[in-house]
Structure formats: C-alpha cells, structure tokens
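Asker: Below you'll find the structure I mean.
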Amino acid sequence: MQVSVSNIIIIITVLTVISLIMVSALLAFVVVYNKKKRTHFVEKAMLQRSFKEQMLQSQIEIQEITFSNLSSEIHDHVGQLLSLASVQLNIWENDPKKVSTTDIKENVGIALNELRYLARNINGEHLKKVSLKAFLESQCEKVNKSGILRCAVQVAQGIVLPQEQKIILFRMVQECIQNSLKHAGATSLYLSAYITDAQNVSIEVRDDGKGFEAETFNTTAQNGLGLKTMEHRMALLKGVFDLRSAPGDGTTITLTIPYERNIHQNSDSG
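First residue of the sequence shown: 0, per numbering that gives the first Met the number 0; consecutive thereafter.
Following this line, the structure appears as structure tokens:
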C-alpha cells in the first residue's frame with residue numbers, strides 16, 4: 000500500500016509539532032528549575048547572612064556583659080588589693096616596722112595574677128583553644144579562690160566542642176556563675192558537663208542558694224528580657240536553655256546543644 004505525499008507531509012508536520020512541544024516543555028522545565036535553584040541559593044544566602052548577623056549581635060551583647068563583669072572584677076578584687084598595698088606602702092614609708100614588705104609584695108602579686116587571669120579570659124582566641132574541661136576547672140578554681148563559696152566540677156570524658164560555639168557557651172557559663180556569686184546567697188556551686196542519651200551535650204551550673212519562683216522570675220520585665228536573651232543565644236546554636244529554681248531549693252541552669260562526634264574530630268578534646 001502506497002502512502003500518499005499528503006499523508007507523509009501530515010505525519011512529518013505532526014512529528015515536528017510534537018518535537019517542538021517536547022523541546023519547548025524541556026526548555027520551560029530547565030528555565031523554571033534554574034529559576035527555583037537561583038531563588039533557593041538567594042534564600043539560603045539570606046538565611047546564612049541573617050544567621051551570621053544574629054551571631055555577631057549575640058557576640059557583641061556577650062562582649063558588653065563580659066566587659067561589665069571585667070570592670071566589676073577589677074574594681075572589687077584587683078582595685079581593693081592594690082588599694083591595700085598602697086596603704087601598706089604608705090605605712091611602711093613612715094614606719095617600716097609596722098608593715099612587712101612581704102605582705103605588700105604578696106598583695107601586689109595576687110593583683111597581678113588576677114589581672115593576667117582576666118586578660119586570658121577576655122581573649123576570645125584564647126578561649127577557642129581551651130577545652131571544655133579545662134575551662135570549667137579554671138572557673139571553679141577561681142570561685143574557690145574567691146572564698147565566697149565552694150565549687151566542684153565534673154566533666155564527662157571525650158566531650159569536644161566546635162570552636163565557633165565555644166565563646167558563646169563559655170561566656171554564658173561565666174554569666175551564670177556571676178549570677179550565682181552575686182545573687183544566689185549560695186554556699187556551694189556545682190559545674191558539670193555530660194552527653195545525654197539523645198546525643199546532646201549539656202552544661203549545668205547548679206547552686207544551693209535561696210532560689211526563687213521561676214515562673215514569676217520569667218514574667219518580670221527585666222528578668223524576662225535576660226532569659227529571652229539567653230534563650231536566643233542558645234537557639235542560634237540550635238540548643239536549649241533551661242532554668243529551674245524554687246524558693247529555698249537553689250537554682251539549676253542547663254545549656255544543651257546537639258552533639259555529633261564526627262563533626263568535632265579536629266577540635267580540642269574536652
């Protein structure tokens with residue numbers, strides 16, 4: 000059976016139209032896909048930029064608190080030691096028998112050591128190199144030296160933190176310790192760090208102070224703002240801030256962040 004020329008033309012035309020439709024559909028798909036891909040990249044870049052801005056803002060806020068605490072430390076401890084040394088020196092100049100130069104040197108030495116300690120702890124690059132265990136132990140040692148209360152520390156083996164999280168976490172721990180020292184009326188402080196069953200790392204700051212009504216504390220304007228700030232910082236680390244307290248039952252603050260061992264192989268061991 001012979002196919003007429005007109006039928007061949009029709010078949011070719013139909014195939015051509017179908018091919019054009021398929022090519023057009025493919026091109027449209029590629030255009031839409033690339034557009035969505037570009038949109039995704041833009042949104043991802045915006046989210047990353049927003050995250051970095053929030054991290055920077057959080058670090059600035061933490062710096063301000065750190066400088067405030069540093070000012071108090073210098074005024075309350077270093078300043079008093081140097082003032083005492085100055086008084087002793089004046090007495091010694093008038094009557095060397097009344098004051099021993101050894102006492103003067105000791106007070107000046109303690110003040111210098113305190114300044115060195117403060118300088119190390121204000122240095123973010125220094126903190127990045129410090130393990131969690133070493134950091135908590137140094138904070139506990141400082142509390143014990145202050146004589147304000149007793150401090151104990153316990154850190155599980157093998158905890159390693161990424162450097163980008165260390166500064167925020169360490170500064171928050173320092174802030175919690177300062178709150179216990181200044182406001183809790185405690186006699187003991189306990190610092191601990193452990194890995195939970197859910198493969199999270201938890202850092203706990205617990206005191207045996209007077210405690211307070213946590214719900215009332217959270218709704219008070221100034222306290223609520225401070226709590227929200229803490230929660231926001233932990234959210235940036237994809238973590239959780241938990242505060243538990245009751246009158247006469249002390250206060251426990253727990254900072255929890257996700258923990259994946261394989262991510263932290265190149266970090267300093269805690």
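Beta carbons: idealized from backbone N, C-alpha and C, even for Gly.
What is the rounded straight-line gap between the Cα of ASN199 and the Cα of LEU114?
Answerer: Walking along the sequence shown from the start, residue 199 turns up at place 200. Walking along the sequence shown from the start, residue 114 turns up at place 115. C-alpha separation (whole angstroms): 35 Å.
Asker: With DSSP run on the structure shown, which of helix, strand or coil describes LEU254?
Answerer: Position 255 of the sequence shown, counted from the first residue, corresponds to residue 254. When DSSP states are grouped into helix, strand and coil, LEU254 belongs to the strand group.
Asker: The alpha helix (DSSP H) spanning ALA133 covers which residue range?
Answerer: Here residue 133 refers to the residue found at position 134 when the sequence shown is read from its first residue. Its alpha helix (DSSP H) spans residues 131-145.
Asker: Output the distance between the C-alpha atoms of THR251 and ARG243, rounded to the nearest integer angstrom.
Answerer: One-based indexing of the sequence shown puts residue 251 at position 252. One-based indexing of the sequence shown puts residue 243 at position 244. Cα to Cα, THR251 sits roughly 5 Å from ARG243.
Asker: Since VAL204 is in the beta strand (DSSP E), which residue starts that stretch and which ends it?
Answerer: Taking the first residue of the sequence shown as position 1, residue 204 is located at position 205. Unbroken beta strand (DSSP E) run through VAL204: 199-206.
Asker: When DSSP labels each residue in this structure, what does VAL30 get in the three-state scheme?
Answerer: As a first step, residue 30 must be located in the sequence shown, where it is residue number 31. Note: VAL30 maps to helix in three-state DSSP.
Asker: Going straight from the alpha carbon of LYS132 to that of THR255, what length do you get?
Answerer: Here residue 132 is taken as the residue at index 133 of the sequence shown, counted from 1. Here residue 255 is taken as the residue at index 256 of the sequence shown, counted from 1. Spanning the two alpha carbons is a distance of roughly 16 Å.
Asker: Taking 7 Å as the limit between beta carbons, can you name the residues of its chain near MET229, skipping five residues before and five after?
Answerer: Start at 1 with the first residue of the sequence shown, and residue 229 comes out as number 230. Once the five neighbours on either side are set aside, the close Cβ partners of MET229 are MET171 and PHE240.
Asker: If you compare alpha carbons, which of THR15, GLY208, ILE9 and LEU180 is closest to LYS144?
Answerer: One-based indexing of the sequence shown puts residue 144 at position 145. LYS144 has its Cα closest to that of LEU180, out of THR15, GLY208, ILE9 and LEU180.
Asker: With DSSP as the reference, please indicate the residues paired to VAL239 in a beta bridge.
Answerer: Taking the sequence shown and counting its residues from 1, the one referred to as residue 239 is at position 240. Looking at the DSSP assignment, VAL239 forms a beta bridge with THR255.
Asker: What does a CB cutoff of less than 6 Å around THR253 pick up in its chain, not counting 5 residues either side in sequence?
Answerer: What you label residue 253 is simply residue 254 of the sequence shown in a count that begins at 1. Result list for THR253: SER201, GLU203 and ASP241, in chain order.
Asker: Ends of the alpha helix (DSSP H) at GLN164?
Answerer: The residue you call residue 164 lines up with position 165 of the sequence shown. Where GLN164 is concerned, the enclosing alpha helix (DSSP H) stretches over 162-182.
Asker: Applying the 10 Å Cβ sphere with the 16-neighbour rule, what's the burial state of ASP94?
Answerer: By 1-based counting over the sequence shown, the position of residue 94 is 95. By the 10 Å Cβ count, ASP94 comes out exposed.
Asker: Starting from the C-beta of ALA155, find all residues in its chain whose C-beta is less than 7 Å away, skip the five residues before and the five after it, and write them out in chain order.
Answerer: Locating residue 155 in the sequence shown gives position 156, counting from the first residue. Once the five neighbours on either side are set aside, the close Cβ partners of ALA155 are ALA192, TYR193 and ILE194.
Asker: So GLU136 and VAL159 are in contact, right, with Cβ under 8 Å, and what is the actual spacing, rounded?
Answerer: Counted from its first residue, the sequence shown places residue 136 at position 137. Counted from its first residue, the sequence shown places residue 159 at position 160. Cβ-Cβ separation between GLU136 and VAL159: approximately 16 Å, too far for a contact (criterion under 8 Å).
Asker: Helix, strand or coil for ILE109, going by three-state DSSP, please let me know.
Answerer: What you label residue 109 is simply residue 110 of the sequence shown in a count that begins at 1. ILE109: helix per DSSP, three-state reduction.
Asker: Less than 8 Å between the C-beta atoms of GLN164 and GLN138, yes or no?
Answerer: On the sequence shown, residue 164 is found 165 positions in, with the first residue counted as 1. On the sequence shown, residue 138 is found 139 positions in, with the first residue counted as 1. Result no, Cβ atoms of GLN164 and GLN138 do not sit closer than 8 Å.
Asker: Looking only at its chain, what residues have a beta carbon closer than 8 Å to the beta carbon of GLN87, apart from the 5 residues adjacent to it on each side?
Answerer: Taking the sequence shown and counting its residues from 1, one reaches residue 87 at position 88. Excluding residues within five positions, the ones whose Cβ falls inside 8 Å are VAL98, ASP102, ILE103 and ASN106.
Asker: Would you report the Cα separation of ALA245 and ASN178, rounded to the nearest angstrom?
Answerer: Position 246 of the sequence shown, counted from the first residue, corresponds to residue 245. Position 179 of the sequence shown, counted from the first residue, corresponds to residue 178. For ALA245 and ASN178, the distance between alpha carbons rounds to 16 Å.
Asker: Between which two residues does the beta strand (DSSP E) carrying ILE194 extend?
Answerer: As a working note, residue 194 is residue 195 in the sequence shown. Counting along the chain, the beta strand (DSSP E) containing ILE194 begins and ends at 187-194.
Asker: Excluding the 5 residues preceding and the 5 following MET233 in the sequence, name in chain order all residues of the same chain whose CB lies nearer than 7 Å to its CB.
Answerer: Your numbering for residue 233 matches position 234 in the sequence shown. Closer than 7 Å at the Cβ level, and outside the excluded window around MET233, lie VAL239, PHE240 and LEU254.
Asker: Can you list, in chain order, the residues of its chain with a C-beta nearer than 7 Å to that of PHE211? Leave out the 5 residues immediately preceding and following it.
Answerer: For this step, residue 211 is matched to residue 212 along the sequence shown. Hits under 7 Å: SER244 and PRO246.
Asker: Helix, strand or coil for ALA155, going by three-state DSSP, please let me know.
Answerer: As a working note, residue 155 is residue 156 in the sequence shown. Three-state result, ALA155: coil.
Asker: From LYS34 to LEU26, what does the alpha carbon distance come to, in whole angstroms?
Answerer: Looking up residue 34 in the sequence shown gives position 35. Looking up residue 26 in the sequence shown gives position 27. If you take the alpha carbons of LYS34 and LEU26, they lie about 12 Å apart.
Asker: Relative to the C-alpha of GLY78, which residue among ILE90, SER18, ASN112 and LYS96 is closest?
Answerer: Position 79 of the sequence shown, counting from 1, holds the residue named residue 78. For GLY78, the nearest C-alpha among the options comes from ASN112.
Asker: What's the gap between the Cα of LEU279 and the Cα of ALA197?
Answerer: Here the chain has residues from 0 to 269 only, and residue 279 is not among them.
Asker: Buried or exposed: which applies to ILE176, given that a residue is buried once 16 or more other Cβ atoms fall within 10 Å of its Cβ?
Answerer: By 1-based counting over the sequence shown, the position of residue 176 is 177. Buried: at least 16 other Cβ atoms inside 10 Å.
Asker: Does SER5 come out as helix, strand or coil in the three-state DSSP assignment?
Answerer: Here residue 5 refers to the residue found at position 6 when the sequence shown is read from its first residue. Of the three classes helix, strand and coil, the one that applies to SER5 here is helix, per DSSP.
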